[in-house]
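K.L.:
Let me begin by handing over the structure; questions about it come next.
There are 2 protein chains.
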Amino acid sequence: MARVRKTVTIRDVAEDAGVSLQTVSRVVNGGPNVRPQLRDKVQAAIDRLGYVPSLAAQRMSGSRSYIILAINDRERTLADWRERRGTDWVDQMLLGGILTCSQHGYRMMVELVDTHSDHVERELGAALSALQPDGVILTPPHSENRLITDLLAERRIPFARIGSNAPGPGIPMTMGDEGAAHLATTRLAELGHRRIAMIAGPSAYSLSGWRIEGWRRALAEAGLPHEGLLEVGDFGYESGTRAARTLLDRNPDVTAIIASSDQMALAALEVARDRGLSVPHDLSLISFDNTPIVRFSQPPLTAIDQPIAETVSRAVEQLIARAPDGDDDAVIEVAAGLVERSSTGPAPATLSGRA
Amino acid sequence: MARVRKTVTIRDVAEDAGVSLQTVSRVVNGGPNVRPQLRDKVQAAIDRLGYVPSLAAQRMSGSRSYIILAINDRERTLADWRERRGTDWVDQMLLGGILTCSQHGYRMMVELVDTHSDHVERELGAALSALQPDGVILTPPHSENRLITDLLAERRIPFARIGSNAPGPGIPMTMGDEGAAHLATTRLAELGHRRIAMIAGPSAYSLSGWRIEGWRRALAEAGLPHEGLLEVGDFGYESGTRAARTLLDRNPDVTAIIASSDQMALAALEVARDRGLSVPHDLSLISFDNTPIVRFSQPPLTAIDQPIAETVSRAVEQLIARAPDGDDDAVIEVAAGLVERSSTGPAPATLSGRA
DNA sequence: ACAAGTCTTGAGAACGCTCTCAAGATCGGT
DNA sequence: ACCGATCTTGAGAGCGTTCTCAAGACTTGT
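Chains F and X are the protein sequences, given in the same order. The first sequence begins at 86 in the working numbering and counts up one residue at a time. The second sequence begins at 86 in the working numbering and counts up one residue at a time.
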């Protein structure tokens with residue numbers, strides 16, 4: 086079974102099967118109106134020769150590029166890499182993206198783009214021109230960057246905005262941040278906690294706002310206060326340390342904290358340990374993200390599992406199905422789940438008198 | 086600054102600058118023999134119009150595809166994803182790959198391929214035909230899969246074999262596994278440990294063998310025995326648990342273990358905890374990989390840091406520079422480092438009498 | 001100032017595919 | 001059986017780039 090050196094083209098197949106190029110093309114692309122008998126004959130030739138259409142040529146001839154481009158924040162991704170924090174977003178995006186793309190004969194590419202830079206347009210524009218992707222997936226904080234969404238809309242490239250439900254062009258896809266925060270808060274309230282604090286993410290990420298909203302709503306429903314129980318971090322470990330300290334300094338009666346990232350939650354865990362607070366005996370902790378690191382801490386953390394892979398997968402499907410000018414109305418939501426581990430427990434009885 | 090709807094082509098630039106297509110092409114590709122004055126004029130037109138050459142068209146016209154394909158093991162990657170273990174390989178590959186590729190105007194794509202499947206050739210062949218990459222990066226265990234390396238060699242596609250120094254086609258690149266294991270073992274010997282065990286990886290990965298060799302060499306140099314101190318796992322947590330138990334059951338005098346993955350090391354940590362052994366007081370632990378999870382365990386693990394990103398980066402550079410029939414002789418090695426945390430310490434004094 | 005080079009520029013084909021359009025084959029209704 | 005409609009197939013152009021090759025402009029040495 087010697088293999089050809091030269092690439093097998095559609096022409097070789099046509100010749101082998103004794104039909105025209107066009108017919109082969111129809112068979113390859115599952116086009117209509119080909120007699121079954123002929124279709125089989127052509128398919129046999131394709132299999133025999135091991136023909137696979139060239140992506141570049143397909144793109145050239147004005148059809149699709151079969152490429153979905155995923156845009157991630159360069160600054161954050163690089164920082165995560167540099168400090169060997171692990172990039173759960175990229176990881177999960179790839180999981181959902183690659184698998185779903187390959188099911189449809191598409192490919193996924195990852196591009197790092199600076200949101201804050203003033204040449205976003207040039208940078209992203211160059212990538213779009215070079216790749217001419219059939220769809221683009223925007224991750225936070227790009228999802229609500231007007232410069233980016235406008236550029237994409239103008240070029241008529243279908244795109245999904247992950248972690249955004251704001252109006253505007255593109256398909257908005259949320260991961261139920263409001264609901265997830267509500268879920269976590271309610272769970273803590275059920276466990277008897279009365280003073281439930283939150284360490285939120287930066288306001289540049291609109292998901293930060295929703296998480297705060299979900300937390301407040303749950304507190305209100307349980308008749309609990311939220312005043313003074315909110316601190317803001319930047320998702321990083323150090324900011325988590327600062328926020329946890331401030332929170333516990335100001336509110337010694339806090340018995341539960343929800344942190345908007347795993348890193349910040351682990352930082353809070355460390356702060357608690359320093360102060361002789363036992364988790365979950367004295368303090369319950371819930372984090373957002375559920376990256377691999379929270380499974381091996383002492384204790385392992387209860388966490389909100391963000392369905393990134395599932396969301397990206399849905400996004401890919403939407404993009405592949407959608408015509409450039411499809412209706413971009415419906416917000417698509419994939420709900421997050423709560424993974425209970427050992428960092429949550431009943432509110433300490435001793436504190437009920439203290440509070 | 087209204088943007089064109091239609092794609093800017095080389096023709097538009099040529100027209101704008103009043104030159105031929107060929108001249109624009111030369112300017113874009115930094116070709117020789119263009120008068121500086123003309124070059125500037127064309128460049129100005131390119132900037133003004135925001136022209137970026139289409140990857141697809143470039144590929145079509147017989148030049149390079151500007152794509153480097155990274156091949157990862159599907160089975161392992163999917164398992165890591167499914168169990169939310171984090172895929173450090175993919176992560177680090179992307180770090181080194183994307184950055185270095187973009188510096189040279191290239192793109193990186195990740196493809197998952199089953200090593201064990203009998204249709205590897207068809208699967209990989211299809212990807213190669215569709216993408217026509219300028220280079221391929223093979224990660225373990227593909228790096229030494231004859232089916233794959235032969236296919237690549239036959240198609241004359243330059244490729245790098247990461248984690249392999251076996252002879253054969255392709256550029257072999259090792260991450261100094263022998264040296265790293267030697268380093269870790271020697272360090273433990275210096276700390277006074279006399280019974281240093283190893284939990285190795287599966288033999289399908291040739292790096293497993295080198296690590297064992299490095300460990301044996303260091304032991305021999307220190308005049309220490311290795312008999313009965315070797316267990317084999319599959320890199321996963323459960324296999325680590327089994328291996329650690331067997332090891333400690335058979336050799337109660339073992340005071341140090343080197344595990345060939347972070348997961349297996351964390352499993353050993355758990356086994357030690359179950360048996361009332363304090364780490365590092367009673368047992369020292371060193372793991373391979375240094376993924377993010379080992380920083381938050383109790384105690385954080387001392388680990389060998391595998392320079393995956395750096396290695397892939399070097400590989401990309403080699404591939405871009407190399408002609409299809411370059412000399413594939415020299416093995417390129419990027420040395421690993423030891424990151425000391427709190428899972429290693431002096432050998433317990435009490436045991437010196439016991440051993 | 002002239003021949004023999006070297007530089008600079010352009011014209012046209014080629015890459016592999018899909019699109020549009022037209023021609024021939026087949027079908028259904030009367 | 002006949003006519004119009006529908007199916008099936010093929011021919012040829014075009015996508016945006018780079019390649020090859022040739023022509024013109026400029027050097028240089030004598």
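Ideal placement from N, C-alpha and C gives every residue a C-beta, glycine not left out. If you're wondering where the values come from, they're calculated on a predicted model, not measured in any experiment.
Which of helix, strand or coil does DSSP assign to E168 (chain X)?
P.N.:
Coil, per DSSP.
K.L.:
Counting only the same chain and skipping the five closest in sequence on each side, list residues whose C-beta sits under 6 angstroms from that of G220 (chain F).
P.N.:
Once the five neighbours on either side are set aside, the close Cβ partners of G220 (chain F) are I153, P243, L404.
K.L.:
Could you give the first and the last residue of the continuous beta strand (DSSP E) run that contains A415 (chain X)?
P.N.:
No beta strand (DSSP E) contains A415 (chain X), which DSSP labels as neither H nor E.
K.L.:
Whole alpha helix (DSSP H) runs in the stretch 355-410 of chain F with 4 or more residues, listed along the chain?
P.N.:
List check, alpha helix (DSSP H) in window: 393-406.
K.L.:
Let me check understanding here. Comparing Cα to Cα, which of F:R96, F:S428, F:A420, F:P121 lies closest to M260 (chain F)?
P.N.:
M260 (chain F) has its Cα closest to that of F:A420, out of F:R96, F:S428, F:A420, F:P121.
K.L.:
Within 10 angstroms of the Cβ of A87 (chain X), are there 16 or more other Cβ atoms? Answer buried if so, exposed if not.
P.N.:
Because A87 (chain X) carries a pLDDT of 38, less than 50, the predicted location of this residue cannot be relied on, and no value is offered for it.
K.L.:
Measuring straight from C-alpha to C-alpha, what distance separates A350 (chain X) and T270 (chain F)?
P.N.:
Taking the straight line from one Cα to the other gives about 35 angstroms.
K.L.:
Can you tell me which of the three DSSP states V198 (chain F) falls into?
P.N.:
Reduced to three states, the DSSP call for V198 (chain F) is strand.
K.L.:
For G210 (chain X), which of helix, strand or coil comes out of DSSP?
P.N.:
Three-state DSSP puts G210 (chain X) in a helix.
K.L.:
Is the CB of R192 (chain F) under 8 angstroms away from at least one CB in chain X?
P.N.:
Yes, because at least one Cβ of chain X sits closer than 8 angstroms to the Cβ of R192 (chain F).
K.L.:
Just by C-beta distance, which residues in the stretch 365-382 of chain F are closer than 9 angstroms to chain X?
P.N.:
Cβ contacts with chain X: N375, T376, P377, I378, V379, R380, F381, S382.
K.L.:
What residues in the stretch 131-151 of chain X have a beta carbon less than 9 angstroms from any beta carbon of chain F?
P.N.:
Answer set for the stretch 131-151 of chain X: G135, Y136, V137, P138, S139, L140, A141, A142, Q143, R144, M145, S150, Y151.
K.L.:
What does the alpha-carbon distance come out to for the pair T234 (chain F) and P225 (chain X)?
P.N.:
Roughly 39 angstroms separates the two Cα atoms.
K.L.:
Under 9 angstroms between beta-carbons, which chain F residues line up against A211 (chain X)? List them in chain order, please.
P.N.:
Under the 9 angstroms cutoff, chain F gives G135, V137.
K.L.:
Would you kindly work out how many angstroms separate the C-alpha atoms of L332 (chain X) and D319 (chain F), rounded to a whole number?
P.N.:
Rounded to the nearest angstrom, the two C-alpha atoms are 44 angstroms apart.
K.L.:
Excluding the five sequence neighbours on either side, which residues of its own chain have a C-beta within less than 7 angstroms of the C-beta of L436 (chain F), listed in chain order?
P.N.:
The predicted position of L436 (chain F) is uncertain, since its pLDDT is 45 and thus under 50; no value can be drawn from it.
K.L.:
Where DSSP assigns a beta bridge to I284 (chain X), which residues make up the other side?
P.N.:
Looking at the DSSP assignment, I284 (chain X) forms a beta bridge with X:E316, X:A344.
K.L.:
By the DSSP assignment, the alpha helix (DSSP H) with M145 (chain X) in it spans what residues?
P.N.:
Residues 140-145.
K.L.:
With G181 (chain F) as the anchor, note down where its alpha helix (DSSP H) starts and where it stops.
P.N.:
Residues 173-188.
K.L.:
Quick one: is D410 (chain F) near chain X, going by C-beta distance under 8 angstroms?
P.N.:
Residue placement at D410 (chain F) is flagged as unreliable, the pLDDT there being 49, under the threshold of 50; the coordinate-derived value follows with that caveat. Closer than 8 angstroms: no.
K.L.:
At the level of alpha carbons, what is the spacing between D410 (chain F) and A245 (chain F)?
P.N.:
A caution first: D410 (chain F) carries a pLDDT of 49, below 50, which makes its placement in the model unreliable, though a value can still be read off. Their Cα atoms are separated by approximately 13 angstroms.
K.L.:
Taking the beta strand (DSSP E) that D158 (chain F) falls in, what are its first and last residues?
P.N.:
Note, D158 (chain F): beta strand (DSSP E), 152-158.
K.L.:
Along the chain, where does the alpha helix (DSSP H) containing R96 (chain X) start, and where does it finish?
P.N.:
Note, R96 (chain X): alpha helix (DSSP H), 95-102.
K.L.:
Under the three-state reduction of DSSP, which class applies to I256 (chain F): helix, strand or coil?
P.N.:
The answer is strand: DSSP assigns I256 (chain F) an E or B state.
K.L.:
Please list the partners that Q122 (chain F) has in chain X, where partner means a Cβ-to-Cβ separation under 7 angstroms.
P.N.:
Within 7 angstroms Cβ-Cβ: nothing; Q122 (chain F) doesn't reach chain X, min ~25 angstroms.
K.L.:
Take L276 (chain F) as the anchor and find which of F:E168, F:D374, F:Y290, F:A434 has the nearest alpha-carbon.
P.N.:
Of the candidates F:E168, F:D374, F:Y290, F:A434, the one whose C-alpha sits nearest the C-alpha of L276 (chain F) is F:A434.
K.L.:
So with CB distances below 9 angstroms, who are the chain X contacts of Q217 (chain F)?
P.N.:
Ordered by position in chain X, the residues that pass the 9 angstroms Cβ test against Q217 (chain F) are T92, S139, L140, A141.
K.L.:
Using 8 angstroms as the threshold, is the C-beta distance between A141 (chain F) and P138 (chain X) below it?
P.N.:
No, they are not a contact pair.
K.L.:
Within 10 angstroms of the Cβ of L292 (chain F), are there 16 or more other Cβ atoms? Answer buried if so, exposed if not.
P.N.:
By the 10 Å Cβ count, L292 (chain F) comes out buried.
K.L.:
Please list, in chain order, all residues of the same chain as R240 (chain F) whose beta carbon is under 7 angstroms from its beta carbon, the five residues on each side excluded.
P.N.:
Excluding positions up to five away in sequence, the list reads L213.
K.L.:
With a cut-off of 8 angstroms on the beta carbons, I'd call V98 (chain F) and Y136 (chain F) a contact; round off their distance for me.
P.N.:
At roughly 5 angstroms, the Cβ-Cβ gap stays under 8 angstroms, so V98 (chain F) and Y136 (chain F) are in contact.
K.L.:
Under the DSSP definition of a beta bridge, which residues are partnered with L223 (chain F)?
P.N.:
Answer by DSSP bridge pairing, in chain order: F:I156, F:R246.
K.L.:
Does the CB of V356 (chain X) have a neighbour CB from chain F at under 8 angstroms?
P.N.:
No, V356 (chain X) lies away from the interface with chain F (no Cβ there is under 8 angstroms from its Cβ).
K.L.:
Mind pulling the chain X residues with CB within less than 8 angstroms of D319 (chain F)?
P.N.:
Per Cβ cutoff of 8 angstroms: no residues; D319 (chain F) is ~18 angstroms from chain X at best.
K.L.:
With 8 angstroms set as the bound, which would you pick, yes or no: does the beta-carbon of L304 (chain F) sit closer than that to a beta-carbon of chain X?
P.N.:
No, its Cβ sits nowhere closer than 8 angstroms to a Cβ of chain X.
K.L.:
Mind listing the chain F neighbours of G422 (chain X)? Cutoff is C-beta to C-beta under 9 angstroms, in chain order.
P.N.:
Simply none; closest approach about 12 angstroms.
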